Every structure is written in C-alpha cells, then in structure tokens.
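> For what it's worth, the working numbering labels the leading residue of the sequence shown as 77, then goes sequentially.
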Amino acid sequence: MIEKAELPSKLAPSWHRYYAGKIETLPKCAIRGMEDFAIWYSPGVAAPCKEIAANQDKVYEYTNKWNTIAIVSDGSRTLGLGNIGAHACLPVMEGKALLFKYLGGVDAFPIVLAEQNPEKIVEVIKIISPSFGGINLEDIAVPKCFYILERLQKELDIPVWHDDQQGTATATLAGLINALKIVGKDIRDIKIAIIGSGAANIATYRLLKAAGADPKKIFVVDSKGLMHKERKDLEAQKNENPYKWQVCLETNAEMRKGGIAEALKGTDVVVAASTPGPGVIKKEWVAEMNDDAIVFAEANPVPEIWPWEAKEAGARIVGTGRSDFPNQINNSLVFPAVFRGVFTVRAKGVTDEMCIAAAQTLAKYAERKGLSEDYIIPKMTESDVYPEVATAVALKAIEQGLARFKKSEEEIYNESKEMIEKTQEKIRKLQELKFIPPPPE
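1. Thinking PRO354 and TRP382 are a contact (beta carbons under 8 Å), I'd like their distance in whole angstroms, please.
2. So what's PHE372 in DSSP terms, helix, strand or just coil?
3. Terminal residues of the continuous alpha helix (DSSP H) containing PRO463?
4. Terminal residues of the continuous alpha helix (DSSP H) containing SER408?
5. At which residues does the beta strand (DSSP E) containing ILE453 begin and terminate?
6. Starting from HIS238 and walking both ways along the beta strand (DSSP E), at which residues does that stretch end?
7. Going by beta carbon distance, what residues of the same chain come within less than 6 Å of ASP237, once the five residues before and after it are set aside?
8. Counting Cβ pairs, one atom from each stretch, are 3 or more of them under 8 Å apart for the segment 212-223 and the segment 394-404?
9. Scan the segment 335-360 and note each continuous alpha helix (DSSP H) run of 4 residues or more that stays entirely inside, going in chain order.
10. Using the C-alpha atoms, what's the distance from PRO167 back to ALA173?
11. Roughly how many angstroms lie between the CA atoms of LYS314 and LEU283, to the nearest whole one?
12. To which residues does DSSP link VAL148 through a beta bridge?
13. Rank LEU155, LYS80, ALA363 and ALA269 by C-alpha distance to the C-alpha of PRO352 and give the top, closest one.
14. Taking contact to mean 3 or more Cβ pairs, one atom from each stretch, closer than 8 Å, check whether the segment 200-208 and the segment 250-267 are in contact.
15. When the distance is taken between beta carbons, is ALA275 closer than 8 Å to GLN322?
16. In chain order, what are the residue ranges of uninterrupted beta strand (DSSP E) at least 3 long that sit wholly in the segment 378-427?
17. Assuming VAL297 is part of the alpha helix (DSSP H), what are its boundary residues?
18. DSSP has GLY161 in a bridge; who is on the other side?
19. Could you pull out every residue in the same chain whose Cβ sits closer than 7 Å to the Cβ of VAL378, ignoring the five residues on either side in sequence?
20. Quick test of the definition: if touching needs 3 or more C-beta pairs under 8 Å, does the segment 450-468 touch the segment 405-420?
21. Under 8 Å, do ILE488 and ALA466 count as touching if we go by C-beta distance?
22. With DSSP collapsed to three states, give me the class of ILE268.
Here it is in structure tokens:
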C-alpha cells in the first residue's frame, strides 16, 4: 500500500522534465495564410480596440478575457511544502491551469510573484486584472490570504476565488453531506474536530457553519492546541488575525483543552488539513471517536493518517486529498466547474451560497450513482459532473443578482457541457496525432 502511495512522487520528476512544463499557448482562430494577420493584428485589430475604448464591456466580446483567469501565488504556503517561493511553486500553478482547462474548459495562466507583502500582492493583481475574467488565488499563507481575498473581492468587478479556502471547503462539505447519509447522522447534531487552522480549515469551518453545523460543537486545533476563548496568545493577535480569534469565540463550548487527542475524543467527524503525515493523527485517537466515525485526512502529499490505519482504528468512512485512495476530498472537483459556471453567466463574484449549491450538486450526483463507504463523492474521471456543478453555481449567481447574463438552466448546462467536451476532445486528438507524446516509461 505504501509503495503505491509513493508512486506519483517517484514518477513526477521524470514526467515534468520530459514535457518541460504542462501547458502552452495555442491559437484558436483560423490562420489560412499570412494575409489573415492583417485582421488578427495590425492594421485590422485597431477596429475592435476603438470599440472597446468606447465601450469597455466589449472587451468580453472581442478578447478571451471572458474565459481566462490568472492563477496567482507567492509560494508562501505551497501544498504541504511550506514557503518555497515563486519559482518552486510554478509546477503546482501549471498543474492547476491544466485542471482548469481539462475539467472546466477554462483558460488559466500561472502568475507567480516574487513578492510576499500582502499590500503589494493586492496592488499587482489589481494592475493586471484587465487581462483576466477572474482571479484564482493559490497557496498563499495565512492570515494574509484572507485579507488579500477580502480586499480583491471588494475592489474588483470580476470573480476572485481562493481555492485553498473555498474550493477545499466546498469539496469537504460535499463529502460530508453524503458520509452523514451513510452513517445516519444530522449535521446539526454532530461534533466535529478540525485539525489545522490554515486557509482550508478556517474556510471549511465557515462553510460548515453556513450549512447548519453547530459552532459550539466544533473543536479546532492549531499548532499550539485546541482553540477556545481563553487562548490569550490568539487574543493578543486578534488585530493581525481576527479570523482565528473569531473561531476561538464561536467554537468549543465545552472549553476542551489539549491537542488533537482531546479534540477527537467523542466526536463524529474529523477534518484535517494540517501537517503532512503519516502519524500526525494516531490510531488510538481515532479509536476514541464516536461509533461510525468519519475521518477526512486531507494533507498533501501524505495524509495525516493512512486510510487503512484509520479504518483499523474504527473509522467507518475515510477520505483523503489523494486520487489514488477512495473518497478523494479534493478541490479539483470544484474550481473548474465553479469558474465554468460564473463565466457562463458572467457573474461578478462567488458567494458562500454558490459554494453550498456546488457541494449539494456534487453530493446528489454521487448519490444517484450509488453511495457506499468507499464512494461518497464523485471522482475526477466522472467528467459529466462538472457541467452539473457549473449549472448549479450559475443559477445561484442569477438568483443572487450577481450574473450579467440571465440564461435558462438548459442553456447553461448545454454551453458548459459543450465547452468541457470540446476541450477534452482536442486533447485526445493532439495525443492521437502524437503532438502530445505519451510520457516516458
């Protein structure tokens, strides 16, 4: 089992070196001869430029802004690797762009910044924003990631999304909705332990609360132990990190103190997005959870506890962030479809309600397929789920008055499905024609 789990890491360097990156830019317009460049570039291009100067909204008609996002990172918290900087995080951002295109038909380009000051990051993104229809923030450390997201959502008129927050939280909620169906428990009644207080888990806490979980029955652990309203160290930092202090004030009504072991005792669910394991969560601690326990160990590249160890300790349902184990609780199910949806109706932003709609749609899709302890959330290979999620998000945007276009459910679904299928067919054709060769053995 361990050998299988380590295989992706062994193959990754040779595959990345072989292809020298994962994405490239290709034209999508007809080029029948050199004379066409007189239309696509000078002198013809001046005509659409003049129209955009007179009516800025026409930029969406004449350029690819309508379907393009910037994937922006400073590399300050990359996967489970820490602050590895802009250059080292670039492979992750390229991979993100690949997923956006293949799963959502969304054009995405990585923008890695040699700058980690939040004020400067906000300023840079605002400066480059005219090129993009949306912004995906990625792998930015807490607490500045919360501040950057809030600033940009207020100051830009395009969707701004932090996938480590909203994407992970949405996938977690989707998995939990179905896991609770299997074990016969209600989100309003359960006790939840949240291990880690980074971007993913603070957002997960907020979304779980919005979906009906009782904050008083939630127990959050940071690097120094259980969070509660008597944590003087966090109270002293409440101006710099008001997000964690809010969690202290709202959660842990029992005033539990200690660490992960104490947080897990007598709980129904544990959601971990903390330090990569194994061994961060111990079997004996899982054994102290309630019957029919649900364990989501989402750290990458190695979960906080191996799935088989959690099962041996008595967990009934286990999910991780990895695709090579059952129940991948992964934001790759979310962000391509969310942006496909917001772009289809040209929404101005992404809300918690849109995230909940996405989670509910993911859960319903898996339920239709047939739930089991090893299948609580769709797999990335089930590409027909993406237009369904895109449709749910777009309809919620229309309902909330955030959409510039109002379209029917059928129109949204068909447009989304066509864009995703066309993208995947193009990639298949490029592989068949050997323009994309197979990876090395």
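Quick reminder that beta carbons are idealized off the backbone N, C-alpha and C, glycines included. All of these numbers come straight from a predicted model, not from anything done at the bench.
A quick look at the data gives this:
1. If you number the sequence shown from 1, residue 354 lands on position 278. If you number the sequence shown from 1, residue 382 lands on position 306. Sure, about 5 Å apart at Cβ, within 8 Å.
2. Here residue 372 is taken as the residue at index 296 of the sequence shown, counted from 1. In the structure shown, PHE372 sits in a strand (DSSP, three-state: E or B).
3. Mapped onto the sequence shown, residue 463 falls at position 387. Start and end: 461-475.
4. Position 332 of the sequence shown holds residue 408. Neither: SER408 is in no alpha helix (DSSP H) and is coded neither H nor E.
5. Within the sequence shown, numbered from 1, the residue matching residue 453 stands at position 377. Per DSSP, ILE453 belongs to no beta strand (DSSP E) and is neither H nor E.
6. Residue numbering aside, residue 238 sits at position 162 when the sequence shown is read from its first letter. HIS238 -> beta strand (DSSP E) spans 236-238.
7. Numbered from its first residue, the sequence shown carries residue 237 at position 161. The amino acid at residue 237 is misidentified as Asp; the sequence shows Trp. Same-chain partners within the cutoff: ASN212 and VAL426.
8. no
9. 336-340
10. Position 97 of the sequence shown, counted from the first residue, corresponds to residue 173. Position 91 of the sequence shown, counted from the first residue, corresponds to residue 167. One C-alpha to the other measures close to 10 Å.
11. Here residue 314 corresponds to residue number 238 of the sequence shown, with the count starting at 1. Here residue 283 corresponds to residue number 207 of the sequence shown, with the count starting at 1. In a straight line, the C-alpha of LYS314 is about 21 Å away from that of LEU283.
12. As a working note, residue 148 is residue 72 in the sequence shown. Per DSSP, ILE187 and LEU213.
13. In the sequence shown, the residue the question calls residue 352 occupies position 276. Checking every option, the nearest Cα to that of PRO352 belongs to LEU155.
14. no
15. Locating residue 322 in the sequence shown gives position 246, where the first residue counts as 1. Locating residue 275 in the sequence shown gives position 199, where the first residue counts as 1. Not a contact, by the Cβ cut-off of 8 Å.
16. 393-396
17. Taking the sequence shown and counting its residues from 1, one reaches residue 297 at position 221. Note, VAL297: premise wrong, no alpha helix (DSSP H); beta strand (DSSP E) at 294-298.
18. On the sequence shown, position 85 is the one that residue 161 refers to. Per DSSP, none; premise fails for GLY161.
19. Taking the sequence shown and counting its residues from 1, one reaches residue 378 at position 302. For VAL378, where only same-chain residues beyond five positions count, the Cβ hits under 7 Å are PRO352, GLY353 and PRO354.
20. yes
21. Here residue 488 refers to the residue found at position 412 of the sequence shown. Here residue 466 refers to the residue found at position 390 of the sequence shown. It is a contact, given that the beta carbons lie within the stated cut-off.
22. For the purposes of this step, residue 268 is taken as the residue at position 192 of the sequence shown. Looking at ILE268 - three-state DSSP - the assignment turns out to be strand.
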